[in-house]
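Number of protein chains: 2
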Amino acid sequence: MPDEIPDASLGCAAHGIGGMPELVELAVVLTATVARVAEEQELTPMQGRLLCGLGDQPQRMVDLAQLLGIEKAALTGLVDRAERRGLLERGPVPGDRRAVQVSLTDAGTQAVAAFEAGVTSALDGLLATLPVEDRPEFRRLASAVVVAARGARAA
Amino acid sequence: MPDEIPDASLGCAAHGIGGMPELVELAVVLTATVARVAEEQELTPMQGRLLCGLGDQPQRMVDLAQLLGIEKAALTGLVDRAERRGLLERGPVPGDRRAVQVSLTDAGTQAVAAFEAGVTSALDGLLATLPVEDRPEFRRLASAVVVAARGARAA
DNA sequence: GGAAAAGGTTCGTACTGTTGACTATACATG
DNA sequence: CATGTATAGTCAACAGTACGAACCTTTTCC
């Protein structure tokens, strides 16, 4: 995982095409920021996402895969690696012998708390470069884009 | 690559921690958007980034790695795979027999043009969900964050 | 002239993801 | 109740991506 922000990114900053590069450059910056926090916590970014996705309640694989936007087979591998690390465990689902539910272990709960705190802090640091009055505006617009994108997909 | 926007993302939307999740969810949405365009063009996202990074002039590997924010060894593999696809070629650098320069082939030039157009269109589509007057504001704030992040890293 | 640094590759390793196939189980239908 | 369909999850093969260490060749520095 790159530990530095690249000078160019998806979308061709080198060409200076109007408008486009900011957003993909932003994605790269945000992703690299999260990756750095994950590395500090000895996680991979996907492991961080997985642990966050688990939250307080056991989750079924099918629901987790949907939540994370990945294929079930990919989730099998991701959960295998996290289980091997002792961060989570698989268990049976009452009433459905096909299904498997996944829940955090104590180590996983600790890891995710640290990861969350680190990501919050790192992103606050990223936005600290903006004028104070612009920060909630930026978050609001970001949220609006995400909600709309998710709504479009669910439709 | 997920072809749908996940319900949660890096940063723990499930926990609803104030502010943080929007930005990492945004990164996931943007990355997934670019990945879909890449797939349409039969590229991987990193191949898209690489071709955009090459631009109009041959680039040395050491500069490309820096530009893309990856280790030289990783770039060797990335360039190997793109070269195998006929998208670029390696050549000598006058005056420095250690160095290798990389340049787009005709096929690569065509691929990157289509990729750029597709990404532009897809991102415009993403932002179309925002009120018209908010779009330049969002791009401006995104750009400011990226410029600041890149500046901090270069320092 | 020799040491240090630079440019790039190779190798081993791990993570991530897709696709297709498979097994076991749940559900729907006649 | 038997049978067909659908679902949940895993497995295997494969490919892309990335890092760190080691290596070779060449350039730069003292």
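Same order as they appear, the protein sequences are chains L and E. Taken in order, the first sequence gives residues 1 to 155; the numbers are from this note's numbering. Taken in order, the second sequence gives residues 1001 to 1155; the numbers are from this note's numbering. We put the CB at the ideal spot given by N, CA and C, even for glycine.
Cβ distance (whole Å) where residue i is taken to contact residue j below 8 Å
i: SER143/L; j: GLU1022/E; result: 4 Å
i: ALA1122/E; j: THR1033/E; result: 5 Å
i: LEU30/L; j: LEU1141/E; result: The Cβ separation is near 13 Å, so there is no contact.
i: LEU87/L; j: THR105/L; result: 6 Å
i: LYS1072/E; j: VAL1079/E; result: Actually they do not touch by this definition, with Cβ atoms about 10 Å apart.
Three-state secondary structure assigned by DSSP to residue i
i: GLU89/L; result: strand
i: VAL1132/E; result: coil
i: GLN1066/E; result: helix
i: VAL146/L; result: helix
i: PRO1002/E; result: For PRO1002/E, the predicted model reports a pLDDT of 45, less than 50, meaning its position is unreliable; a value from the coordinates is still stated below. Of the three classes helix, strand and coil, the one that applies to PRO1002/E here is coil, per DSSP.
i: GLU1116/E; result: helix
i: LEU141/L; result: helix
i: THR165/L; result: The question about residue 165/L has no answer here: the residues shown for chain L are numbered 1 through 155.
i: GLY55/L; result: coil
i: GLU71/L; result: coil
i: GLU25/L; result: helix
Contact set for residue i: own chain, Cβ-Cβ below 8 Å, skip 5 residues either direction
i: ARG1060/E; result: VAL1093, ALA1099, VAL1100, GLN1101, VAL1102
i: VAL1145/E; result: none
i: LEU130/L; result: PHE138
i: CYS1052/E; result: VAL1112, PHE1115, GLU1116
i: LEU1126/E; result: VAL1029, LEU1030, THR1033
i: PRO1045/E; result: MET1001, THR1031, VAL1034, ALA1035, ALA1038
Cross-strand partners of residue i (DSSP beta bridge)
i: GLN101/L; result: ARG60/L, GLY91/L
i: ASP1124/E; result: Answer by DSSP bridge pairing: none, since ASP1124/E is not bridged.
i: ASP96/L; result: VAL93/L
Neighbourhood of residue i by C-beta distance below 7 Å, restricted to the same chain and skipping five residues each side
i: GLU1083/E; result: GLU1089, ARG1090
i: GLY1118/E; result: VAL1037, GLU1040, GLN1041
i: ALA107/L; result: GLY86, LEU87
Own chain partners of residue i with C-beta closer than 6 Å, once the 5 adjacent residues on each side are dropped
i: GLU1116/E; result: none
i: LEU1067/E; result: GLY1053
Residue i CB to nearest heavy atom of the ligand MG below 6 Å
i: SER1143/E; result: In the structure on display, the ligand MG does not appear, and there are no ligands present to speak of.
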